[in-house]
Structure formats: structure tokens, C-alpha cells
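Shown next, in C-alpha cells, is the structure this report addresses.
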Amino acid sequence: MAVARPLICTGQNEETMKTHATFLRTLWLAMVLLCSTYGQAQQAASGPERLTLQVEGLTSETRDALSRELDRSGEARIAFACVPAGIMVIEARQGQSRAQLETRSRSLLTQRSAALRSRTIEGSLAQAEAACAQARNR
8 MAVARPLICT
18 GQNEETMKTH
28 ATFLRTLWLA
38 MVLLCSTYGQ
48 AQQAASGPER
58 LTLQVEGLTS
68 ETRDALSREL
78 DRSGEARIAF
88 ACVPAGIMVI
98 EARQGQSRAQ
108 LETRSRSLLT
118 QRSAALRSRT
128 IEGSLAQAEA
138 ACAQARNR
């Protein structure tokens, strides 16, 4: 009958196991760091949040007042505005979400004039510029 004998780790096997464990931990840490760096790069590449508003009855005075208030607060800036088309593209500065940017922009417009009606429209900055050119050509 065979008797099971316990495995005895010699110094060489024990050192190999420690080296292997250290290597795996280092590899795991490197993967975590690479993944977090990749995520940050993707987030930075997406750029700041932008909101495109179409404002009925937009005037240059309203646009300028909104621009001054946004500059004063440092929350956002008007990236593009076209009074004839009533379009404004507002860009967040301090990592605000799109919902926060929309709430703040609408609040400032309402403070300026309760009669102003605005709606959010989907589209890029290039599309807003094209809509402006079309409104100017009418």
C-alpha cells in the first residue's frame, strides 16, 4: 500500500513561486494602469459637452447678455451663435453634464426674457453653421 507523503518545498521552488506571484501582480497592476489611462484618453477625446438651442426671437442683445453671464460664472461659453437663425451652441467648461448645461442655459434665457421660447435641437457645430448660412441666404 502506498503512503502519501507531503510535498516539501525546497528553497528553489519556493523562490520560483514568489517570483511568479510578484510577476503576476506586476502584470495585473500594469493592465489596470493601461486601462485607466485609455479610459481617460477616450474621455478627453470626446471633448466638452455641447448644447444646441434654437431660440425664437433671439436678439444680439440677448446673445451678448447670455455670453457675459456665462463668461462671468465660468460655467460655459457660447461656441457659436447666429441671430438670424436663432441658433446658439453652448459649450460646457467645467465638466458639466449636458442636462446641467441645458438647465443653466434655459434659466439664463428665462431670466433675460420670459417671452423667449427655446428648444434643444440635435446637431453638430457644422450643422448649426450650415443652418445659419441658409437663414442668411433667405
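Numbering (the numbering used here), first residue to last: 8 to 145.
Glycine included, every Cβ here is placed at the ideal spot set by N, Cα and C.
N-terminal and C-terminal residue of the alpha helix (DSSP H) that residue i is part of
{"i": "T117", "result": "105 to 119"}
{"i": "A140", "result": "132 to 143"}
{"i": "E82", "result": "Where E82 is concerned, there is no enclosing alpha helix (DSSP H), given that its DSSP letter is neither H nor E."}
Under 9 Å between C-beta atoms of residue i and residue j
{"i": "E56", "j": "R113", "result": "no"}
{"i": "A135", "j": "F87", "result": "yes"}
{"i": "G130", "j": "T59", "result": "yes"}
{"i": "R119", "j": "A83", "result": "no"}
{"i": "E63", "j": "L123", "result": "yes"}
Local conformation of residue i per DSSP, three classes
{"i": "R126", "result": "strand"}
Opening and closing residue of the beta strand (DSSP E) in which residue i lies
{"i": "T59", "result": "57 to 63"}
{"i": "A99", "result": "94 to 99"}
Residue i versus residue j: straight-line alpha-carbon distance, rounded
{"i": "A65", "j": "E109", "result": "Checking the sequence shown, residue 65 turns out to be Leu, not Ala. If you take the alpha carbons of L65 and E109, they lie about 17 Å apart."}
{"i": "M38", "j": "L116", "result": "47 Å"}
{"i": "A51", "j": "L41", "result": "Caution is warranted here: a pLDDT of 48 is assigned to A51, below 50, making its placement in the model unreliable, and no coordinate value can be reported."}
{"i": "R100", "j": "G81", "result": "7 Å"}
{"i": "G54", "j": "Q103", "result": "11 Å"}
{"i": "L132", "j": "M95", "result": "10 Å"}
{"i": "Q61", "j": "A28", "result": "60 Å"}
{"i": "D1", "j": "A140", "result": "Nothing in the structure corresponds to residue 1, since the chain is present only between 8 and 145."}
{"i": "I85", "j": "L73", "result": "8 Å"}
{"i": "E21", "j": "T33", "result": "18 Å"}
{"i": "S67", "j": "T127", "result": "19 Å"}
{"i": "C89", "j": "A138", "result": "9 Å"}
Any C-beta of chain C under 9 Å from that of residue i
{"i": "S125", "result": "No chain C is present in this structure, which holds just one protein chain."}
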